[in-house]
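So the sequence shown is numbered by this note's numbering: it starts at 2 and just counts up by one. Working notes, beginning with the structure itself.
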Amino acid sequence: MRLFADNALTPGGWRSDVAIDVAADGTIERVDAGSSPDGAERFAGPVVPGMPNLHSHAFQRAIAGRTGYVSAEGDSFWTWRQAMYSFLDRVDADAIEAIATETYVEMLKAGYTSVAEFHYVHHDPRGNAYADPAELAHRIVAAARAAGIALTLLPVFYAHSDFGGAPPTRGQRRFVHTVDSYARLIDMLAHEATAATWNLGVAPHSLRAVTPEELSAVVALSPAASPIHIHVAEQMREIDACIAWSGARPVEWLLDHAPVDSRWCAVHATHMTSDETRRLASTRAIAGLAPTTEADLGDGTFAARDYLDAQGAFGVGSDSNTCVDPFGELRQLEWSQRLARQARNVLVEVTVSKGPPQMPVGQAIYAAAARGGARAQGRRTGAIAPGHRADLVVLDTGDAALASQPVEALLDAAVFGPCRKPVRDVMVGGRWVVRDGHHHGEESALARYRSCLKGLATWARM
Numbered sequence: 002m003r004l005f006a007d008n009a010l011t012p013g014g015w016r017s018d019v020a021i022d023v024a025a026d027g028t029i030e031r032v033d034a035g036s037s038p039d040g041a042e043r044f045a046g047p048v049v050p051g052m053p054n055l056h057s058h059a060f061q062r063a064i065a066g067r068t069g070y071v072s073a074e075g076d077s078f079w080t081w082r083q084a085m086y087s088f089l090d091r092v093d094a095d096a097i098e099a100i101a102t103e104t105y106v107e108m109l110k111a112g113y114t115s116v117a118e119f120h121y122v123h124h125d126p127r128g129n130a131y132a133d134p135a136e137l138a139h140r141i142v143a144a145a146r147a148a149g150i151a152l153t154l155l156p157v158f159y160a161h162s163d164f165g166g167a168p169p170t171r172g173q174r175r176f177v178h179t180v181d182s183y184a185r186l187i188d189m190l191a192h193e194a195t196a197a198t199w200n201l202g203v204a205p206h207s208l209r210a211v212t213p214e215e216l217s218a219v220v221a222l223s224p225a226a227s228p229i230h231i232h233v234a235e236q237m238r239e240i241d242a243c244i245a246w247s248g249a250r251p252v253e254w255l256l257d258h259a260p261v262d263s264r265w266c267a268v269h270a271t272h273m274t275s276d277e278t279r280r281l282a283s284t285r286a287i288a289g290l291a292p293t294t295e296a297d298l299g300d301g302t303f304a305a306r307d308y309l310d311a312q313g314a315f316g317v318g319s320d321s322n323t324c325v326d327p328f329g330e331l332r333q334l335e336w337s338q339r340l341a342r343q344a345r346n347v348l349v350e351v352t353v354s355k356g357p358p359q360m361p362v363g364q365a366i367y368a369a370a371a372r373g374g375a376r377a378q379g380r381r382t383g384a385i386a387p388g389h390r391a392d393l394v395v396l397d398t399g400d401a402a403l404a405s406q407p408v409e410a411l412l413d414a415a416v417f418g419p420c421r422k423p424v425r426d427v428m429v430g431g432r433w434v435v436r437d438g439h440h441h442g443e444e445s446a447l448a449r450y451r452s453c454l455k456g457l458a459t460w461a462r463m
């Protein structure tokens with residue numbers, strides 16, 4: 002298949018009259034600028050790499066907007082977590098699949114072309130294993146297949162409620178595995194993933210939820226060259242508890258005791274010292290940022306400029322799916338740095354002479370997040386280049402915010418301008434899944450989602 006773009010964002014920057022040859026397996030074979038459109042399918046607008054979503058809890062999409070009540074002791078991440086546990090008391094396997102399908106359709110329409118699902122709900126609402134221990138994992142795979150999004154499934158190992166091996170709470174009963182039961186789950190899924198279109202990794206939930214021995218065992222179960230994701234240093238209460246347990250901060254402890262390398266994604270890593278920032282960046286691990294969720298939950302602000310200065314790589318994810326919008330994540334990321342530093346255009350490199358930026362900040366952070374997110378998923382995507390999968394997004398220049406913008410300003414307009422729907426068309430692995438802003442399965446996915454929510458209408462925050 003031969004495609005043609007008047008303008009396309011390549012690793013070398015924006016190029017004009019770009020021909021893209023895509024193989025039958027959905028991989029880009031050749032990219033040539035200055036080409037002719039003869040014999041090619043022409044894109045309806047400027048083309049950028051699709052954004053990999055490196056961190057999602059799809060089921061949490063259904064509680065967006067339902068947790069705006071302040072408890073007697075005040076509200077925080079920890080009271081939000083209790084509300085989420087209460088919600089899960091009501092959610093069966095059909096609802097998990099319906100919510101995930103709708104969420105993945107929304108991701109595609111927003112410009113995410115792949116998703117790393119941090120999947121920690123394994124058992125039924127009473128905490129019992131399903132007859133098929135991978136029942137809910139299979140529901141996530143089915144949802145991704147129905148939507149057409151590329152999936153990296155990250156089954157989560159979760160065994161404890163706090164540092165030092167504290168027993169799990171009632172609200173965590175749907176998450177809990179032993180090392181042996183988790184090993185059986187990974188083995189089952191590994192056999193399926195090798196013959197399917199989805200990737201498999203592992204995810205020790207956090208240092209709160211695993212002991213050091215369990216962490217080592219879970220990492221050892223990871224399929225070769227596959228991603229390893231972990232929540233770390235999201236909240237100050239977590240920092241204090243980790244110091245009380247071990248005498249070290251979470252990122253410090255992880256770097257001292259685990260083989261952290263380029264396969265790892267440190268999700269959030271919000272609260273790090275300068276030394277932790279430098280050390281984490283040096284491992285080539287990806288910082289997995291979810292700026293809108295981190296803002297919604299009051300986590301804090303990641304020191305992104307310091308991490309980039311240490312040559313660290315990052316990607317973005319939708320996490321709780323309160324906001325399903327990669328452009329919104331990048332906007333929140335840059336704006337958080339502006340507020341913290343009282344400066345503008347923070348996350349962009351400048352020339353050695355400290356002259357004008359080499360590229361606008363929106364383009365810079367979009368390209369960096371696409372590269373980092375791809376690596377966090379263990380995929381060759383995130384760039385319009387030979388050997389990468391044809392995961393492509395066509396920007397909608399019919400949107401007033403993008404109309405008549407010079408090509409080098411398009412991503413800045415999409416990220417920081419008044420643009421609500423910058424995405425026109427989306428391709429995943431050489432196959433169109435969104436055309437002219439519409440997903441072929443959006444009506445059925447939404448109808449099923451609406452029916453699911455009606456069944457949960459009496460849920461209230463506990």
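Note that CB positions come from ideal geometry on N, CA and C, so glycine has one too. If you're wondering where the values come from, they're calculated on a predicted model, not measured in any experiment.
| Asked | Found |
| --- | --- |
| Nearest neighbour of G40, chosen from F5, E235, T28 and A25 [CA to CA] | F5 |
| Range of the contiguous beta strand (DSSP E) that encloses F119 | Y113 to H120 |
| Unbroken alpha helix (DSSP H) run spanning G329, endpoints | P327 to R342 |
| Span of the alpha helix (DSSP H) around M237 | M237 to S247 |
| Beta-carbon proximity of H120 to L154, cut-off 8 Å | yes |
| Paired residues, beta bridge with N54 - DSSP | V116 |
| For G456, the three-state DSSP class (helix, strand or coil) | helix |
| Nearest neighbour of S36, chosen from G46, R16, L55 and P50 [CA to CA] | R16 |
| Helix, strand or coil at I229 according to DSSP, with G and I counted as helix | strand |
| D320 (DSSP reduced to helix, strand or coil) | strand |
| Three-state secondary structure (DSSP) of W433 | strand |
| Nearest residue (CA-CA) to P47, options P12, F328 and L411 | L411 |
| contact_flag[the region 206-213, the region 160-176] where n(CB pairs < 8 Å) is 3 or more | yes |
| Residue range of the unbroken beta strand (DSSP E) whose run includes A267 | W265 to H269 |
| P251 CB to nearest heavy atom of the ligand GTP below 7 Å | Of ligands this structure carries none, so the ligand GTP is not represented either. |
| Of the residues F44, V416 and V268, the one placed nearest N8, counting alpha carbons only | F44 |
| Three-state secondary structure assigned by DSSP to S354 | Model confidence at S354 stands at a pLDDT of 47, short of 50, so the residue's coordinates are unreliable and nothing is read from them. |
| Contact set for G313: own chain, Cβ-Cβ below 7 Å, skip 5 residues either direction | L281, A282 and A288 |
| A99 - DSSP class collapsed to helix/strand/coil | helix |
| Residue range of the alpha helix (DSSP H) that includes D76 | Run containing D76: none; DSSP gives neither H nor E here. |
| DSSP state of W254 mapped onto helix, strand, coil | helix |
| Neighbour flag for A391 against chain D, beta carbons, 8 Å | The structure shown contains no chain D; it holds only a single protein chain. |
| First through last residue of the alpha helix (DSSP H) which encompasses S476 | An answer regarding residue 476 cannot be provided, because it is not within the stretch 2 to 463 covered by the chain. |
| Whole beta strand (DSSP E) elements within the region 341-428, 3-residue minimum | 393-396 |
| C-beta atoms of G438 and K422 nearer than 8 Å | yes |
| Contact between the region 299-308 and the region 322-330 (3+ Cβ pairs under 8 Å) | no |
| Between the CA atoms of E409 and M360 - distance to the nearest angstrom | 8 Å |
| N-terminal and C-terminal residue of the alpha helix (DSSP H) that V32 is part of | Segment I29 to D33 is the beta strand (DSSP E) holding V32; no alpha helix (DSSP H) there. |
| Environment of G51 [buried if 16+ CB atoms lie within 10 Å] | buried |
| Beta-carbon proximity check, V122 vs I100, cutoff 8 Å | no |
| Which of helix, strand or coil DSSP assigns to R451 | helix |
| Beta-carbon proximity list for G431, same chain, < 7 Å, skipping 5 on both sides | M2, V23, G27 and A391 |
| Contact under 8 Å by Cβ, F164 with C243 | yes |
| Terminal residues of the alpha helix (DSSP H) in which T195 lies | Careful: T195 lies outside any alpha helix (DSSP H) and carries neither H nor E. |
| Whole-angstrom distance between D95 and R449, CA atom to CA atom | 10 Å |
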